[in-house]
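Sequential numbering from 1 applies to the sequence shown in the numbering used here. Virtual Cβ for every residue (Gly too), placed ideally from N, Cα, C.
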Amino acid sequence: MRLKILIIFIVINMLITIKASAEILDNVGFENISIDDGLSNEYITSIFQDSKGYMWIGTKDGLNRYDGERIKIYNCNFKDKNTLSSTYITDIEEDSYGNIWIATDHGLDFLLHDTDTVIRIRDTEDKYNLGDLKITSLLKSSYEKNIMWVGTEKGLFKINIENK
Numbered sequence: 001m002r003l004k005i006l007i008i009f010i011v012i013n014m015l016i017t018i019k020a021s022a023e024i025l026d027n028v029g030f031e032n033i034s035i036d037d038g039l040s041n042e043y044i045t046s047i048f049q050d051s052k053g054y055m056w057i058g059t060k061d062g063l064n065r066y067d068g069e070r071i072k073i074y075n076c077n078f079k080d081k082n083t084l085s086s087t088y089i090t091d092i093e094e095d096s097y098g099n100i101w102i103a104t105d106h107g108l109d110f111l112l113h114d115t116d117t118v119i120r121i122r123d124t125e126d127k128y129n130l131g132d133l134k135i136t137s138l139l140k141s142s143y144e145k146n147i148m149w150v151g152t153e154k155g156l157f158k159i160n161i162e163n164k
């Protein structure tokens with residue numbers, strides 16, 4: 001009896017056609033940004049849009065901030081501690097204060113939104129040596145205030161942004 005009911009359901013499902021269609025979008029516009037437009041590199045590693053609407057584009061050769069018209073590049077200069085730790089950007093995130101956190105293949109940095117200044121974690125007192133690790137991912141906690149999750153080659157770190 002069960003087998004007959006199962007066969008009937010299978011046959012009915014095969015005979016019923018389901019019509020599915022996607023809506024056609026008429027006014028879709030795409031913009032292509034390349035090194036000709038000022039992008040530091042065309043090898044994109046991460047993309048993030050902040051609360052102000054800026055698009056942050058991580059590449060293997062620097063961080064790019066795009067405002068819809070212009071691109072500003074943040075890069076690495078080992079002699080200048082107010083530059084990125086590395087040119088290879090692995091992830092980008094924004095904290096609750098509007099600061100941009102930048103994960104690189106050689107440390108963790110953040111960009112102060114008020115002064116547009118890069119701070120290298122390696123130049124602060126960091127007992128976990130986040131400045132020497134490959135940072136693989138960043139995530140601002142959606143359920144705990146002022147918490148940033150930092151994925152590294154050595155494991156996961158939970159950083160309290162307020163008390164560092």
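Quiz item: Would you report the Cα separation of LEU111 and ASN41, rounded to the nearest angstrom?
Solution: Distance between the alpha carbons of LEU111 and ASN41 is about 20 Å.
Quiz item: Nearest CA to the CA of ASN99: which residue from ILE44, VAL118, HIS106, LYS72?
Solution: VAL118
Quiz item: Which value, in whole angstroms, describes the spacing of the CA atoms of GLN49 and ILE159?
Solution: GLN49 and ILE159: Cα-Cα distance of roughly 22 Å.
Exercise. Measure the CB-CB distance between TRP101 and MET55 and report whether it falls below 9 Å.
Key: no
Quiz item: To which residues of the same chain is ALA103 closer than 6 Å at the C-beta, ignoring the five residues directly before and after it?
Solution: Same-chain partners within the cutoff: THR90, ASP91, ILE135, LEU138.
Self-check item: ILE71 in three-state terms, based on DSSP
Solution: strand
Self-check item: Reference ILE121, options ILE33, LEU3, SER141, ILE161, closest by Cα
Solution: The candidate whose alpha carbon is nearest that of ILE121 is ILE161.
Exercise. Indicate the three-state DSSP secondary structure (helix, strand or coil) for PHE110 in the structure shown.
Key: strand
Practice problem: Please state whether DSSP places ASP123 in a helix, a strand or coil. | Solution: Because the pLDDT of ASP123 is 45, which lies under 50, any placement of that residue in the model is unreliable, and the number read from its coordinates should be weighed accordingly. Correct three-state label for ASP123: helix.
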